[in-house]
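>
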Amino acid sequence: MAWITKDSAGTQIETRSTRYFTAEMEKTIREVHLPRFEKPKGALFAALHMVQHHYGWIPAQSMKEIAEVLTIAPSEVLDTVSFYEEFWEKPKGEHLVSVCRSVACEFCESTACTEAIKAKLGIDVGETTEDNKFTLIELECIGSCDTAPVALIDEDLHENLTPDRIVKLIESVQSGNYTKGGTGAVKEDL
Ligand code: FES
1 MAWITKDSAG TQIETRSTRY FTAEMEKTIR EVHLPRFEKP KGALFAALHM VQHHYGWIPA
61 QSMKEIAEVL TIAPSEVLDT VSFYEEFWEK PKGEHLVSVC RSVACEFCES TACTEAIKAK
121 LGIDVGETTE DNKFTLIELE CIGSCDTAPV ALIDEDLHEN LTPDRIVKLI ESVQSGNYTK
181 GGTGAVKEDL
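See the structure below:
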């Protein structure tokens, strides 16, 4: 195995004058979370979840701001963010389509579903459509192997998918006919 290294010591990050890690977030961290931990780093996950929940991703500037509040190195924040795939280092689309790629779903042709989504949206896995409506990712097992193949549209679980079915669901989101709640239902079926 070979490690690919890159020189990031001189990396410039985009900044804005308004803090991402707001005064309100900082207050909550200081008053609610920090007292619960022996070391300030214990509150890192809470801070990251706040930022991601608010913005949908974790800008590099916010990592520096969090590091200042927790008195840790910005690299420690980046290490955590980049380790967990649940944390997003760049903006994602308005809707996140996540297809399970683990073994049960793969046996039940999740790959065909993924290919159908890629063709429908004109993007690859890990990409976002130009209109910022959809981001497509693949996930490991999400615990619904008995109804494989499965995918999430945002937080809704859709089971027993076929390529046609997932495309129909995507089209329902595009047309505003999507019914929240999962299991493959679109309004025209109800
Ligand atoms: S393998 Fe897809 S839900 Fe378990």
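If you read the sequence shown in the numbering used here, its first letter stands for residue 1, the second for the next number, and so on. All C-beta atoms in this analysis are idealised placements derived from N, C-alpha and C, irrespective of residue type, glycine included.
1. Buried or exposed: Ile66, going by 16 or more other Cβ atoms within 10 Å of its Cβ?
2. What is the C-beta distance between Leu197 and Lys41, in whole angstroms, given that I count them as a contact (C-beta under 8 Å)?
3. Measure the CB-CB distance between Leu44 and Thr5 and report whether it falls below 8 Å.
4. With DSSP as the reference, identify every bridge partner of Ser98, one or two as the case may be.
5. At which residues does the alpha helix (DSSP H) containing Ile123 begin and terminate?
6. Taking 8 Å as the threshold, find out whether the region 148 to 162 comes into contact with the region 82 to 92 through three or more Cβ pairs.
7. Thinking just about the alpha-carbon of each residue, which of Pro59, Glu76, Glu38 is nearest to the one in Thr15?
8. Taking DSSP as the reference, what is the three-state secondary structure of Tyr178?
9. Cβ of Ala148 within 8 Å of Cβ of Cys108?
10. At the level of alpha carbons, what is the spacing between Val167 and Asp154?
11. Near Thr18, which residues of its chain fall below 8 Å by C-beta distance, leaving aside the five closest residues on each side in sequence?
12. Can you check which of these residues, Val150, Met63, Leu96, is closest to Glu237 by C-alpha distance?
13. Here's a check: name, in chain order, each residue in its chain whose Cβ is nearer than 8 Å to the Cβ of Ala73, leaving out the five neighbours to either side.
Taking the structure as given:
1. Sequence index remark: in the sequence shown, residue 66 carries index 66 (1-based). Result: buried.
2. One cannot answer for residue 197 here, as it falls past the ends of the chain, which runs 1 to 190.
3. On the sequence shown, position 44 is the one that residue 44 refers to. On the sequence shown, position 5 is the one that residue 5 refers to. No, the Cβ-Cβ distance between Leu44 and Thr5 is not below 8 Å.
4. Taking the sequence shown and counting its residues from 1, one reaches residue 98 at position 98. Note: Ser98 sits in a beta bridge opposite Ile137, Leu152.
5. Mapped onto the sequence shown, residue 123 falls at position 123. Counting along the chain, Ile123 falls outside any alpha helix (DSSP H), and DSSP gives it neither H nor E.
6. no
7. The count along the sequence shown starts at 1 and reaches residue 15 at position 15. Closest option to Thr15, Cα to Cα, is Pro59.
8. To locate residue 178, count along the sequence shown from 1; it is residue 178. In the structure shown, Tyr178 sits in a strand (DSSP, three-state: E or B).
9. Here residue 148 refers to the residue found at position 148 of the sequence shown. Here residue 108 refers to the residue found at position 108 of the sequence shown. For Ala148 and Cys108, yes; Cβs fall inside 8 Å.
10. One-based indexing of the sequence shown puts residue 167 at position 167. One-based indexing of the sequence shown puts residue 154 at position 154. Their Cα atoms are separated by approximately 15 Å.
11. Along the sequence shown, read from residue 1 onward, the residue named residue 18 stands at position 18. No residues qualify anywhere along the chain.
12. What is shown of the chain runs 1 to 190, which leaves residue 237 out entirely.
13. As a working mapping, residue 73 is identified with position 73 in the sequence shown. Counting only Cβ-Cβ distances below 8 Å, and skipping sequence neighbours, we find Ala67.
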